[in-house]
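Protein chains in written order, with our numbering: chain A, 1 to 278; chain B, 1001 to 1180; chain C, 2001 to 2155; chain D, 3001 to 3659; chain E, 4001 to 4297.
Just so it is clear, CB atoms sit at the ideal spot from N, CA and C, and this is done for glycine as well.
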Amino acid sequence: MSDRQEKMRQSAEKLLRDGEVGYVIGWGATRFCDRTTPVFIDSPEGAASLVWNEHAVNSLAKYLLDDKYPDKKIGLFARGCESRAVNRMIKDNQVKRESLYLIGVPCDGKSSDRCRLCRERNPLVYDVLLWEPEANAAPADRFERVRGVEAMSPDERYRYWGGVYDRCIRCYACRNACPVCSCRECYVDMGRTGFQGKQHSRSDNQIFGVTRAFHVGDRCIECGECERACPMGLPIMGQTQKMLKEINELSGEYECGLDADSDSFLGRFDLDDKDEFM
Amino acid sequence: MSNANEKLDALLAKAGVRQYDCYQCGKCTGGCPMAQAMDLKPRGVMRCAQIGSLERILKSNTIWLCTGCQVCVERCPHDVDIPSLMEEARYAASDMGYERRDSKILNEVFVANLKMFGRNHEMLLAGLYNMIAVKPLQDMSSVPHMLTNGLVGVKPHETKNSESIKRMIERAENLSKIRL
Amino acid sequence: MSLTEGFEPKIIAFCCNWCTYTGADLAGLNRMKYPENVHVARVPCSGRVNPQFILRAFQKGCDGVMVCGCHPGDCHYSTGNYFTRRRFMLMKRMLEYNGIDPGRFHARWISGSEAAKFRDTVAEVSERLRKLGPNTKYREALREGADAGKGGAGI
Amino acid sequence: MSRIGVFVCHCGTNIASVVDPDRLTPAAREMPGVVYAADYRYMCSEPGQQMIKDSISEHGIDRIVIASCSPRMHETTFRKMLKGTSINPYMLEIANIREQCSWVHADKGRATEKAIGLVRMAVSKVSKNEPLYAQSIPITKRALVIGGGIAGIQAALDIADAGHEVVLLEREPSIGGKMAMLDKTFPTLDCSACISTPKMVDVGAHPNIRLMTYCEVESVSGYIGSFEVAIRQKARYVNHDICTGCGLCETKCPVKVDSEFNLGLSKRPAIYKLFPQAVPSKPVIDSESCRMLKDGKCGICAKLCPLGCIDYKDEARTVTESFGAIIMATGYQLVDWAAMYGEYGGGRYRDIISGLQFERTVNAAGPTEGHILRPSDGREPETVVIVKCVGSRDPKKGKSYCSRACCMYAAKHAHQILEKLPGSRVFIFYIDVRTPGKGYEEFYDQTRMDGAVYVRGRISKIYEEDGGLVCQGEDSLLGSQVRVRADMVILETAMEPSQGIEGLTSMLGAARDANNWIQEAHPKLRPVETQVGGVFLAGTCQGPKDIPDTVSQASAAAAKVIGLLNKSEMETSPMISAVERDKCSGCGACVGICPYKAITLQEIDDRLGAKRIKREVASVNSGLCQGCGACTAACRTGALDLLGFRNGQILEEVDALCL
Amino acid sequence: MRYSYFPGCSMESTAKSYRLATEYVMGRIGVELVEIEDWNCCGATSAHTLSAAMGLALPARPLAMAELREPGLDIVTGCASCYARLRLSMHKARSDKAAKYLIENVIAMPYEAKREVYSFLDVLSGEEAAAAIKAKVTRRLTGLKAACYYGCLNVRPAEVTGAPDRENPMAMDRIVGLTGAEAVDWAFKTECCGAAHQNDAASVSRPLVWRILKNAQANGAEAVVTACPMCSLNLEMRQGGYRKHTGLPSMPVFSVLELLAVAMGASARQIALEAHHVPAAKALAAALRRSGGGVAI
């Protein structure tokens, strides 16, 4: 572990010293031993504060959206999840590959619960790979939770989600953490169009939840940041995963962010798509 | 009538064949190596499937003469899997007792052979077949050559574990009601 | 339940201008009769219909929502309804997953000549919703129970 | 606050007998924003319209709702009416209370309730309407016809005869297309060259037609009325301004390569005319085979040319031209059967030829001067097998569609063989014989009476044995396998879209169907238009067809173009998509969804705090956008919106219904 | 190069010279064949005719054994019929969950179908093998005109075999070319020889053999080369009727391995050429003479 951490520090230090990048995004220690925090290292000396341990759970890619027009390249430590996010951001024309320096760090699985679902530990795109790729562990059943909800009766399902959204405080942490949420202004902040109200009510919260799933569901890279960020601990990935499950059933194997070219499900069509509206 | 059609539909479904895919162009028959000996040509089999005449298919010698060479489906413009249909039809015909005698003898001798030795003893297979099917002279002119050159031995080759293969075959026979 | 007795559902139908809206007009020309429950909102193409319109309709009190357009292959804009098809196949499943009764949302292809199909679809959907009763799910400011929280900072 | 006027029409008794105006009008008067409501017997009548106009000025109304028949009926009428008032024609909504209310409901009470709902929806929507202004596009009075086959020739001549300028573009060195290669045309058997070459000459001589041969389309921009097309003139290495086409150069060129026109059945030099009657009748040098251009050694043609036309330093040039309309006439090619059918020898047997090769063989101007001889040894065949549907009606190996013309030219080929080679035998293997054309069935009858033997069955295998070609198939009418030993086999192969169609259609934004043919705007009602305004279709680029159908379609497309070019400008609908750049993040979700390629990402200058940045935003081309609104549903942030059907307007309708 | 090896029943008996040639050639070019322990018959034509389960399970058992013992090795077989049956079981186990379940139940062991099943043709066509062959060929069979007969089951059905060209395959032609022999262009490379029914429907199956031999001869071939002991046996053993029926001379039939072995220097005795039903050594000797080697075979 410490060997890898050392490699990361050396790599960041060299990049900064050579002026290859303006800053590097990585993980740093906090005063809690079981937590890390994203850090932005902009001097070679600062590289020493990078850490790599099982608590490096934050997905770093989202921060790229805060600096879409950098003067110098941004260095980003990229695991499977970061790289899938980057692919998706490139496809969505949000970042340019040439303004990134991706430091590939194959992931050994972190302490976060969401890592159980991880299907790709190794970065799919990178400029340098710091160590040998990891074997992908068999992921947990991808849609287990979705099936759990599906098994309920319609009224039970409504109660389940109603209960979830009753607790939602509309803080939008899910949106803010999501690497594929990239609108300049979120529809929910635009009262004038009238898509939905800003009230904090079950109805409005539910509509926010379903709309969010629709907006990101066919581009979701399944990093789980939405759930990790949710201060109320709501199982909101259950919505986006339902989208993915249905897409998988309608059009075959579907995963997002594996490359930077694939159109998302709702952005294309197939003449032979199933038709149930006859 | 509807009963017969259900049977036909089930058979076609198992074979993965949709009878209306066929537009009767005859390319299957045109290329079939055994067509001249068949009483119902491959295109005719598809025609019977279209008009619902399962009986004619099952009673034809066609299904027993098909060599499974796959040339019909290879060239079929609509990719109709006739060999698979032939196979399902053979199972159905056997179930109904329409099995062609010579084929039945050969196949049973073959499997009996496997149950004994786990491997196929060619000499024994041909010999037993000729005996039971009463064709004592078929291919016998080659036997002396084979014996002198050691191509076939009197002692059969055997797997070490022929007993386990016998049990396996019996399991498969029990499962033979499950058609894939 | 007396709740459904004499109940007339309120249904909004988003219809594309070129096929279904024309079909609905043709039903009128032929003096076909169907229930009064459906109100048509005209859109240029079923591809124009944003899923959020549907959510909004449920929220504001519609008991049922229909999205209708040209049959695949006949779209006036050539490909619009192929996107509609994908979008609303997912939408339908998401609604059901969130507990909305499948009878409340219908997507249907109805061409400009299918006046009878328009009539029958409206009749069928109205009847189905009459049986289902008023929609309470997703409704804003419902008296569904205090737990719903009527808005504001009710934590 | 808006000032809305509501006008309820009785439509005689059509509406009023079911929907009660005495309830509806007062109800409308109470709706938010409504300052005036009135009803009248016939709103669309002269007095009705006058009443509306008077009310607008009298009550200071700034937008109106008319509750009447379907907007499909009178929306245009009322928009026109508004042109003479103080308010914009798009400040109008129509509540359809006739077709979708009074005519379909019997219960007066409930119908009136519904009508009130419909009017409320319209009132709410109109409160969000905004003035819209139609753009007027000037029409460049010039047409481009792409493809110089019979379709392009016919279309160009028709447009030119109507007095408009035409550029006829052809990528080969000569116009003429496939028809120039044919010998005779069914069912009349008139000689193809005799009817097509005069038209080619007309094209060459027409004052309104500019011929651009050996040219290709490089890019297309713009839209109906004003397309900008970059055309690449390939290097000819021969100065056509001074060349007289004497042909001396061709006679002494030492290079011999397969002739494209004769489909490899003969050779041609490196400096060549495509065929003797080529238009223009001047040669080009094929740079891939010319020794001078490849190795710098030779130069014979330059020495021979009495006028000094040869210019080895010639280069390709690109010119950009403006056009008001474009006709696609890019035609077809035959499928590469050898790559598809290993069972027919996969191209290994020389005496298996395609139908088009047979046309060249039987053509008096062809490589054998019209003698039917087999390629391998130059002998006259005694038995010929003709195989139909090769590559057609074969979804597995070829095309699933029927190529339409083959049944007839197969019959023609049989007829020609039996006529030219008395005593010969012809077997035609077919699946179905399709003769739906004037005189076609009669021609088929005649061919059978000539002695052609029609065998129903698809050939399964063709192989060479003992110097003959054994064709093995089924006679499905007899129900038995047959083998025919033939001396020559003609495969009537499928048509497929010309090579390059993908690039060209995507430049234009025109759609292709599942088989790559260009998609017509509507299969029945708009068969010669594409869904791109100003781009029309002629001939086989739209799907397989024979010469009569091709020529008809070419004239139809020309008529459409003439109609367009007769106008000096045209109005476009203002109900199109618009981008709010501040909101647009440039994600491009809209770009791929637009069926008209009307949306592109455009770089704009912007500021980010104190920093100047360049960022990409969606940009809608108002000439291309047709107002379907598909992009708006794909836009998560709502940066794209459809004028006239804005998100806000539709949501208002939803809200109003639920009140 | 190492493979798990499934010989098939014929290799043990009638295909004596084929077997000896295989051992000779594979040894020379450094292909190690690890015979699958306790392999059993693939079931050929009869098993699947009787029962689908039996048809899938018989070939699956040796495949499963091979994957168990030698998990790193792909499987190779020299018989077209075995190849087709083995590949079908592999294909089904991969693509059809129900079939996999059934197979594993019948063979009473797991079968994951992780390894590929190859034919000798696949193995010998590989770049490495081809180079090794070139290096080991010491004498040339100049002018021997051979018709390469692939049979149906080496190429069809395409979704099982993955063969790119089912009408005119060229893999064997290229291998034969390496020996200096000339592979003729002919039309019956993949036509069925009717081996499946030579016992139970002999009179109607014999003409299939004759048609193949006739087309080979019509295209100038003086020998037929196969990649399967069943094809070889069938084409060879049933030539008596051919002579009678067509009046044409009989024709030697070799396996492609025999040609390679001779070209690499094997003597007639080493690969038991005398075991052929139709005399075989003469044609080869003539070819060797033509090449100027003059070496006795």
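Looking at Thr4049/E, Gly4247/E, Lys4097/E and Gln4270/E, the one whose alpha-carbon comes closest to that of Asp1102/B is Thr4049/E. Scanning its chain for C-beta atoms nearer than 6 Å, with the 5 sequence neighbours on each side dropped, one finds around Trp27/A the residues Thr36, Val51 and Ala56, in chain order. If you check the CB distance, Cys2015/C and Cys2070/C do not come in under 8 Å. Excluding residues up to 5 positions away in sequence, Glu4067 lie with their Cβ nearer than 7 Å to the Cβ of Glu4112/E in the same chain.
Here DSSP, grouped into helix, strand and coil, assigns Asp1139/B to coil. Residue contact with chain C for Phe3645/D: present (Cβ-Cβ distance below 8 Å to some residue of chain C). Shown in chain order are the members of the segment 3452 to 3469 of chain D whose Cβ falls below 7 Å from a Cβ of chain E: Tyr3463, Glu3464, Glu3465 and Asp3466. Scanning its chain for C-beta atoms nearer than 7 Å, with the 5 sequence neighbours on each side dropped, one finds around Ala2123/C the residues Tyr2034 and Pro2035, in chain order.
Residue pairing by DSSP places Tyr101/A opposite Gly75/A in a beta bridge. Scanning chain C for C-beta atoms nearer than 9 Å to the C-beta of Gln3100/D yields Tyr2021, Ala2024, Asp2025, Ala2027, Gly2028, Val2038, His2039 and Val2040, reported in chain order. C-alpha of Val4253/E to C-alpha of Asp3445/D: approximately 52 Å in a straight line. Taking C-alpha positions only, Ala3270/D is separated from Lys3199/D by approximately 28 Å. Within chain C, no C-beta atom comes nearer than 8 Å to that of Leu234/A; the closest sits roughly 14 Å away. Non-local C-beta neighbours of Glu3464/D in its own chain, meaning closer than 6 Å and more than five positions away in sequence, comprise Tyr3349, ordered along the chain. Under the DSSP assignment, Tyr3430/D falls in the beta strand (DSSP E) whose first and last residues are Arg3425 to Tyr3430. Judged by DSSP in its simplified three-state form, Lys2010/C adopts coil rather than helix or strand. For Asp4185/E, the chain D residues whose Cβ falls inside 9 Å of its Cβ are Arg3348 and Glu3464, in order along the chain. Here the alpha carbons of Ile3604/D and Arg3615/D stand approximately 6 Å from one another. Counting C-beta pairs closer than 8 Å gives three or more between the segment 1059 to 1072 of chain B and the segment 4194 to 4203 of chain E, which meets the contact rule. Taking 8 Å as the cut-off, the beta carbon of Cys4042/E is found closer than this to the beta carbon of Leu4086/E. No residue range can be given for His4277/E, since it is assigned to no beta strand (DSSP E) and is classified by DSSP as neither H nor E.
Residues of chain E with a Cβ closer than 7 Å to the Cβ of Gly3479/D do not exist, since the nearest Cβ in that chain sits about 17 Å away. Tyr2097/C: member of the alpha helix (DSSP H) spanning Gly2080 to Tyr2097, first to last residue.
For Ile3459/D, there is no enclosing alpha helix (DSSP H), since its DSSP letter is neither H nor E. Straight through space, the alpha carbons of Ala1010/B and Val3257/D are spaced by roughly 59 Å. In terms of Cβ geometry, Gly224/A and Arg114/A form a close pair [threshold 8 Å]. Excluding its 5 nearest sequence neighbours in each direction, Gly257/A has C-beta neighbours in its own chain below 7 Å: Arg84, Ala85, Asn87, Arg88 and Ile221, listed in chain order. Contact of Lys3114/D with chain C by beta-carbon distance below 9 Å involves Glu2036, Asn2037, Val2038 and His2039. With respect to the C-alpha of Lys3388/D, the residue from Asp3351/D, Ile3459/D and Ser3322/D having the closest C-alpha is Ile3459/D. Proximity of the segment 3433 to 3440 of chain D to the segment 3483 to 3490 of chain D falls short of the contact definition, fewer than three beta-carbon pairs being nearer than 8 Å. In the DSSP assignment, Asn3096/D falls outside any alpha helix (DSSP H) and lies within the beta strand (DSSP E) extending over Leu3092 to Asn3096.
For Gly3345/D, the closest C-alpha among the options Val4204/E, Val4278/E, Phe4188/E and Cys4231/E is that of Phe4188/E. In chain order, Ala78, Arg79, Gly80, Glu82, Ser83, Leu102, Gly104, Val105, Pro106 and Leu129 place their CB closer than 8 Å to the CB of Pro123/A, counting only its own chain and leaving out the 5 sequence neighbours on each side. In this structure, Gly1026/B keeps its C-beta atom at 8 Å or more from the C-beta atom of Gly3627/D. In terms of Cβ geometry, Val3384/D and Ser3424/D form a close pair [threshold 8 Å]. Counting the other Cβ atoms within 10 Å of the Cβ of Ser4095/E gives fewer than 16, which makes it exposed.
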